[in-house]
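Numbering (the working numbering), first residue to last: 1359 to 1784. All C-beta atoms in this analysis are idealised placements derived from N, C-alpha and C, irrespective of residue type, glycine included. Beneath this line is the structure, given in structure tokens, with notes to follow.
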Amino acid sequence: MNAGASVLSLPALFSYGLFGLPLAMLALPIYIYVAPFYAQRSSLDLAQIGAVLLAARIAAAFIDPALGAWMARNGRAYAVYVAAALPLLLLGFGALFHPPSLPHGATLAWFLAALLLVYTAYGLAGIAHQSWGAALTQASTQRARVAAVREGCGLLGVILAAGLTSVLGYDGLSLAFAVCLLAAGALLLGRAPRPASSGVTLAASRGGWQLPFRQRAFRWLFAVLLVNGVAAAIPATLFLFFAGDYLRLGHYAGPFLIVYFCAAAASMPVWVALARRFGEARAWGGAMLLAATVFVWAYGLGAGAAWGFAAICLLSGLALGADLALPPALLAGLIGAAGHAGRHEAAYFGWWNWGVQMSLALAAGIALPLLGWLGYVPGSSKGLPALAAAYALLPCTLKLLAALLLWRAPLQHIYSEHRENHACAS
1359 MNAGASVLSL
1369 PALFSYGLFG
1379 LPLAMLALPI
1389 YIYVAPFYAQ
1399 RSSLDLAQIG
1409 AVLLAARIAA
1419 AFIDPALGAW
1429 MARNGRAYAV
1439 YVAAALPLLL
1449 LGFGALFHPP
1459 SLPHGATLAW
1469 FLAALLLVYT
1479 AYGLAGIAHQ
1489 SWGAALTQAS
1499 TQRARVAAVR
1509 EGCGLLGVIL
1519 AAGLTSVLGY
1529 DGLSLAFAVC
1539 LLAAGALLLG
1549 RAPRPASSGV
1559 TLAASRGGWQ
1569 LPFRQRAFRW
1579 LFAVLLVNGV
1589 AAAIPATLFL
1599 FFAGDYLRLG
1609 HYAGPFLIVY
1619 FCAAAASMPV
1629 WVALARRFGE
1639 ARAWGGAMLL
1649 AATVFVWAYG
1659 LGAGAAWGFA
1669 AICLLSGLAL
1679 GADLALPPAL
1689 LAGLIGAAGH
1699 AGRHEAAYFG
1709 WWNWGVQMSL
1719 ALAAGIALPL
1729 LGWLGYVPGS
1739 SKGLPALAAA
1749 YALLPCTLKL
1759 LAALLLWRAP
1769 LQHIYSEHRE
1779 NHACAS
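Quick look at the structure:
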């Protein structure tokens, strides 16, 4: 089925986007739960966990663009790479959250190896899935819908993962992840609309891995992604520590996450409408300002402030919807404006995921060791002011910097010109 020239129906969008649900069920644990999991269930200390996360995420950051370039050179359909990733995702998740009892050094090695396997499989599946969506349509009214459905399904996966972990623990989460991954993978491979062209010949793609950075607009957008990504990754990395040790509300961590991600899912249609009215870049910039304005109040909360933190989770979750839906739509528009749609999406999304991984690496590799150096000890009352500042103030500063970069970025005229050209052509 070729969806590139027609309006995508909701069933077609969901058959494509539902695969984001199991991917998000994997993403939430590896980005939020994995550090506390190994801190509580192994002999590794906080600095060692941070070092492993930094090493694995830096390695994954370089794996992703290599995967993107390899996929572009091979010229195979994106479905081939999704199918190849499915067994690797299952194996990696099991290894990471069901480690055997090992000596200290072996536990460290197992942790690193499991993370590398998960990140590689996640990168292969994620790049293929994102590239698939970017290649489906270049209509400005459709791009945000495709991204919003995919990321909305991802938010449902995050909510499901948070709820299952709170109620059934990691055993229940593992079983649900396996079922959802196989079901959504079968729907994607069997029923989802296919791009008109999802690959390019080897001769046409040589040097394609360098192609994205030849575009000035991509370099600016990539800088925004990095800064905004670090701003989001720091509180994600520190969330369970902040909720448990600073607020003394660790038993409400699951409900807080559910409120946050439910708000993001509910806001998706609003951000899609705002992007259609004002453009993706302006809508995203407004969301960044909203997030910073709301989240800074977390610094002033005290122990037991459940309702105050729930309100912050709700309002900052509304801004998260834009963070998820609009950047991929912006990138899809950039690819189309550069004349690379249907051929080089994997190269762009390979570097895009590199930026995401680097943001996560910087957040974990800097924030956790820094907090240890400043005296914070998980599970105690030591270093709590440093924890609060790192959790609330630093991300808000970075959000404002990202909004400034986006405001200065040469994006608006590119997308306006592309929309005009598309309208004339149609």
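C-beta contact flag for GLN1500 and PRO1686 at 8 angstroms:
no
What is the C-beta distance between LEU1539 and PRO1387, in whole angstroms, given that I count them as a contact (C-beta under 8 angstroms)?
That belief does not hold up - the Cβ atoms of LEU1539 and PRO1387 are roughly 13 angstroms apart, past 8 angstroms.
Can you give me the start and stop residues for the alpha helix (DSSP H) that LEU1388 sits inside?
Sequence check: residue 1388 is Ile here, not Leu. Premise fails: ILE1388 is in no alpha helix (DSSP H) and is neither H nor E.
Look up ARG1552 in the DSSP assignment and say whether it is helix, strand or coil.
strand
Taking the alpha helix (DSSP H) that ARG1399 falls in, what are its first and last residues?
1392 to 1399
Excluding five sequence neighbours on each side, which residues of the same chain lie with their C-beta closer than 6 angstroms to the C-beta of GLN1679?
Strictly speaking, residue 1679 in this sequence is Gly, with Gln absent from that position. Around GLY1679: ALA1622, SER1625, MET1626 and TRP1629.
Is DSSP giving VAL1410 helix, strand or coil here?
helix
Using CA atoms only, rank isn't needed, just tell me which of GLY1378, LEU1447, LEU1584 and ALA1550 is closest to VAL1321.
The structure shown does not extend to residue 1321, since the chain is modelled only from 1359 to 1784, so the question has no answer here.
Within 8 angstroms, strictly: CB atoms of ARG1399 and ALA1722
no
GLN1786 (DSSP reduced to helix, strand or coil):
For residue 1786 there is no data in the structure shown, the boundaries of the chain being 1359 and 1784.
Would you kindly check if the distance between the Cβ of LEU1466 and the Cβ of TYR1439 is under 8 angstroms?
no
Quick check: ALA1787 and LEU1447, are their CB atoms within less than 8 angstroms of each other?
With the chain running from 1359 to 1784 in the structure shown, residue 1787 is simply not present.
Whole-Å CB distance - GLY1426 paired with GLY1708, under 8 angstroms assumed:
2 angstroms
For ALA1464, count neighbouring Cβ atoms within 10 angstroms of its own Cβ and tell me buried if that reaches 16, exposed if not.
exposed
Rank TYR1657, LEU1758, TYR1391 and ALA1430 by C-alpha distance to the C-alpha of MET1646 and give the top, closest one.
LEU1758
Can you give me the Cβ contacts of GLY1666 inside the same chain, cut-off strictly under 6 angstroms, excluding the 5 residues immediately before and after it?
LEU1659
So for MET1459, helix, strand or coil by DSSP?
Inspection of the sequence shows that residue 1459 is occupied by Ser rather than by Met. Of the three classes helix, strand and coil, the one that applies to SER1459 here is coil, per DSSP.
C-alpha distance - ARG1635 paired with SER1739, whole-angstrom precision:
48 angstroms
So which of ARG1549, LEU1384 and LEU1470 has the shortest CA-CA distance to PRO1369?
ARG1549
Considering only the beta carbon of each residue, do TYR1389 and LEU1596 sit closer than 8 angstroms?
no
What is the rounded straight-line gap between the Cα of TYR1477 and the Cα of ARG1606?
32 angstroms
Taking the beta carbon of GLY1543 as the centre, do at least 16 other beta carbons fall within 10 Å, making it buried, or is it exposed?
buried
Is LEU1404 near LEU1726, with beta carbons less than 8 angstroms apart?
yes
Taking ILE1517 as the reference, give the member of ILE1616, PHE1580 and PHE1571 with the closest Cα.
ILE1616
Work out the CA separation of ALA1492 and ALA1392 for me, nearest whole Å.
The question names Ala, but residue 1392 is Val in the sequence shown. C-alpha separation (whole angstroms): 30 angstroms.
Alpha carbons only, please: which of ARG1766, ASP1422, TYR1734 and ALA1417 is nearest the one belonging to PHE1599?
TYR1734
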